[in-house]
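First up is the structure itself, then whatever we jot down about it.
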Amino acid sequence: MRTLFLLSIGLLTCLALSAQQDAMFTRYMFNSMYLFNNPAYSGSHGYWTTNALYRTQWVRFDGAPQTIYLGAEGTIAGDRAGLGFSLFHDRIGLDRISDFSANYAYHIPTGDDGTFSIGIKAGAFFYRSLLSQAVVWDPLDPVYAGGDQKGIVPRAGLGFYYYTPDFFAGISAPTLVAIDKRSDFNLNLDRSGILRRHYYLYSGYVFHLDNGIDLKPSVLLKYQPQAPLQADLNLNIWFKDLFSCGFSYRTNDAVSVMVEIPLGKKLSVGYAFDNTISNLQQVSAGTHEIMLGYNFTDEVQWKDPRRF
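Residue 470, in the numbering used here, is where the sequence shown stops; the numbers in between run on with no holes.
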């Protein structure tokens with residue numbers, strides 16, 4: 163199994179790297195189908211689940227990002243395959259960005275109580291820059307003279323995921339190829355395109371302690387060449403399936419606290435708060451994130467829920 167996962171890392175990292183920042187989430191560890199940008203996660207639970215999330219970043223900062231996410235993923239073909247669908251919309255300053263993607267994953271039992279998954283995704287990236295609303299010193303500046311800019315960029319990505327009942331690890335590149343008609347290239351991500359290639363590598367383990375307490379440390383590494391390597395270090399704690407809380411540190415960016423409460427057997431609600439530790443701290447009142455999840459699962463599965 164170790165060989166399979168190392169080969170997966172090699173396949174992705176040997177490709178040419180090329181960044182518009184992908185949407186950022188704090189509660190990514192509760193739905194890595196999109197929040198990790200990994201299509202191989204689709205269907206790994208063995209049942210269908212849906213998530214809705216709203217994130218408002220850097221409160222009080224004019225033009226700060228606001229993100230809405232909707233997603234669903236589940237199994238088909240007797241649990242050997244998974245499907246996933248995700249939709250998100252970003253407002254960042256004058257930019258309006260939407261993305262719709264469909265994922266397919268194939269799950270391979272490894273014989274060691276684990277499963278290795280390979281996933282592909284395909285979708286379209288819709289962008290619009292409202293340059294006509296910009297407040298500029300010189301209205302005749304040629305940068306803004308063309309008015310609003312908009313376009314559609316089809317793109318495709320790849321991911322790998324390995325998991326057991328208590329361990330998980332994955333690597334993905336959600337935008338391996340893209341077709342940007344605005345630029346003079348196809349199936350490539352050079353410096354003239356709107357999209358850049360990002361890599362995500364993550365892993366975690368669940369420790370079962372006494373008195374029904376579960377402890378899950380995890381780490382997420384995010385890489386793209388035009389920015390420093392960023393790491394999220396996380397610790398989540400579950401208390402007898404009554405609720406969970408967690409803490410996270412994102413290098414050079416924020417420290418976070420989060421909580422999740424199940425409302426019955428199928429519904430859950432979660433909240434996260436990021437306290438900015440970068441230079442934006444002086445003008446930002448932090449970041450809020452709210453999530454609502456629903457599991458289409460039976461009682462037997464819910465009594466022994468996976469923590470990722």
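Using N, Cα and C, we set each Cβ at its ideal position, and we do this for glycine too.
Whole-Å CB distance - residue i paired with residue j, under 8 Å assumed
i: Ala-264; j: Ala-284; result: 6 Å
i: Glu-235; j: Gly-225; result: At roughly 32 Å, the Cβ-Cβ gap does not stay under 8 Å, so Glu-235 and Gly-225 are not in contact.
i: Arg-185; j: Thr-229; result: The question names Arg, but residue 185 in the sequence shown is Ala. Confirmed, about 5 Å.
i: Ile-399; j: Ser-406; result: 6 Å
i: Gly-233; j: Gly-246; result: 7 Å
i: Phe-401; j: Gly-374; result: 7 Å
i: Ser-334; j: Asn-199; result: 6 Å
i: Gly-408; j: Leu-425; result: With 8 Å as the limit, Gly-408 and Leu-425 do not qualify as a contact, their Cβ atoms being about 18 Å apart.
i: Phe-470; j: Trp-210; result: Not confirmed; about 17 Å, so no contact.
i: Leu-377; j: Leu-371; result: 6 Å
i: Val-315; j: Ile-341; result: 7 Å
Residue i, DSSP secondary structure in three states
i: Ser-446; result: coil
i: Ser-294; result: helix
i: Ala-335; result: strand
i: Asp-310; result: coil
i: Ala-234; result: strand
i: Gly-374; result: helix
i: Asn-437; result: strand
i: Ala-239; result: coil
i: Ala-185; result: coil
i: Arg-353; result: Any reading at Arg-353 needs caution, since the residue's pLDDT is 45, under 50, leaving its predicted position unreliable; the model's value is listed next. Correct three-state label for Arg-353: coil.
i: Ser-345; result: Unreliable placement is indicated for Ser-345, whose pLDDT of 49 sits below 50; the coordinate value is still reported in the next sentence. It is coil, neither helix nor strand.
Proximity below 8 Å, CB of residue i to CB of residue j
i: Leu-429; j: Tyr-456; result: yes
i: Arg-358; j: Val-339; result: no
i: Arg-189; j: Pro-227; result: no
i: Leu-454; j: Val-431; result: yes
i: Ala-202; j: Gly-332; result: yes
i: Pro-379; j: Tyr-361; result: no
i: Gln-219; j: Thr-449; result: yes
i: Tyr-323; j: Gly-281; result: yes
i: Tyr-477; j: Thr-277; result: Residue 477 lies beyond the residue range present for the chain, which begins at 163 and ends at 470; the question has no answer from this structure.
i: Pro-327; j: Asp-275; result: yes
i: Asp-477; j: Gly-208; result: In the structure as shown, the chain starts at 163 and stops at 470, and residue 477 therefore has no counterpart that could be examined.
Per DSSP, cross-strand counterpart(s) of residue i
i: Leu-138; result: As shown, the chain starts at 163 and ends at 470. That puts residue 138 outside it, with no answer to give.
i: Tyr-216; result: Ile-230, Ile-452
i: Asn-400; result: Per the sequence shown, the amino acid found at residue 400 is Trp instead of Asn. Asp-376, Ser-406, per the DSSP bridge assignment.
i: Trp-210; result: Phe-458
i: Ile-423; result: Val-431
i: Thr-277; result: Pro-271, Tyr-325
i: Ala-264; result: Phe-247, Ala-284
i: Tyr-190; result: Tyr-190 is not bridged to any residue.
i: Gly-319; result: Lys-283
i: Arg-358; result: According to DSSP, which records beta bridges pairwise, Arg-358 is partnered with nothing at all.
i: Ser-418; result: Ser-410, Asp-436
i: Phe-223; result: Per DSSP, none; premise fails for Phe-223.
i: Ile-289; result: In the sequence as presented, Ile is not what sits at residue 289; that position holds Tyr. Answer is Ile-259, Gly-313, bridged to Tyr-289.
i: Arg-253; result: Gln-228, Arg-258
i: Ala-340; result: Arg-317
i: Phe-470; result: In DSSP, Phe-470 forms no bridge with anything.
Residue from the options with nearest C-alpha to residue i
i: Leu-391; options: Phe-409, Leu-363, Phe-369, Val-221; result: Leu-363
i: Gly-309; options: Ser-291, Trp-299, Leu-320, Tyr-324; result: Ser-291
i: Asp-394; options: Tyr-433, Tyr-209, Asn-414; result: Asn-414
i: Phe-262; options: Gly-255, Gly-319, Phe-435, Ile-452; result: Gly-319
i: Tyr-231; options: Asp-241, Gly-426, Tyr-289, Ala-214; result: Ala-214
i: Asn-441; options: Ala-416, Pro-424, Leu-425; result: Ala-416
i: His-269; options: Tyr-289, Tyr-433, Val-297, Gly-205; result: Gly-205
i: Arg-222; options: Ile-439, Asp-372, Ser-418, Ala-447; result: Ala-447
i: Ile-452; options: Ala-389, Val-419, Trp-299; result: Val-419
i: Ala-286; options: Thr-337, Lys-427, Glu-422; result: Thr-337
i: Ala-434; options: Ser-365, Asp-241, Val-421; result: Val-421
i: Gly-321; options: Ser-279, Phe-288, Ile-238, Arg-258; result: Ser-279
i: Tyr-289; options: Val-298, Trp-299, Phe-250; result: Phe-250
i: Gln-311; options: Val-297, Leu-293, Trp-299; result: Leu-293
i: Arg-412; options: Pro-387, Ser-248, Ile-439; result: Ile-439
i: Ser-248; options: Ser-260, Ala-239, Thr-237; result: Ser-260
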